[in-house]
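*Asks:* The opening residue of the sequence shown carries number 224 in our numbering; numbering runs sequentially from there.
Ideal placement from N, C-alpha and C gives every residue a C-beta, glycine not left out.
My questions will all concern the structure given below.
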Amino acid sequence: MRTTGTVKWFNDSKGFGFITPEDGSKDCFVHFSAIQGSGFRTLAEGAKVEFDVVQGQKG
């Protein structure tokens, strides 16, 4: 399901962070391997993003 949200925080050295969905649902975990784009994959705190929510092995 495609949704939009705001990057809550992202740790470049650890390669993960969280996105706060605009619909008010729980924050979503994001790993650098899921970021589409070329070069160094990171997200800026406060950036508006569009993403798909998927269920991982750990929830």
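Going by DSSP, which residues form a beta bridge with PHE233?
*Replies:* Its beta-bridge partners are GLY240.
*Asks:* If you draw a straight line from the C-alpha of THR227 to the C-alpha of PHE239, how long is it?
*Replies:* Cα to Cα, THR227 sits roughly 18 angstroms from PHE239.
*Asks:* Helix, strand or coil for PHE255 per DSSP?
*Replies:* Looking at PHE255 - three-state DSSP - the assignment turns out to be helix.
*Asks:* Apart from the five residues just before and just after ARG225, which ones in its own chain have a Cβ nearer than 6 angstroms to its Cβ?
*Replies:* Same-chain partners within the cutoff: ASP275.
*Asks:* Locate the beta strand (DSSP E) running through GLU273, then write down its first and last residues.
*Replies:* 271-275 is the extent of the beta strand (DSSP E) around GLU273.
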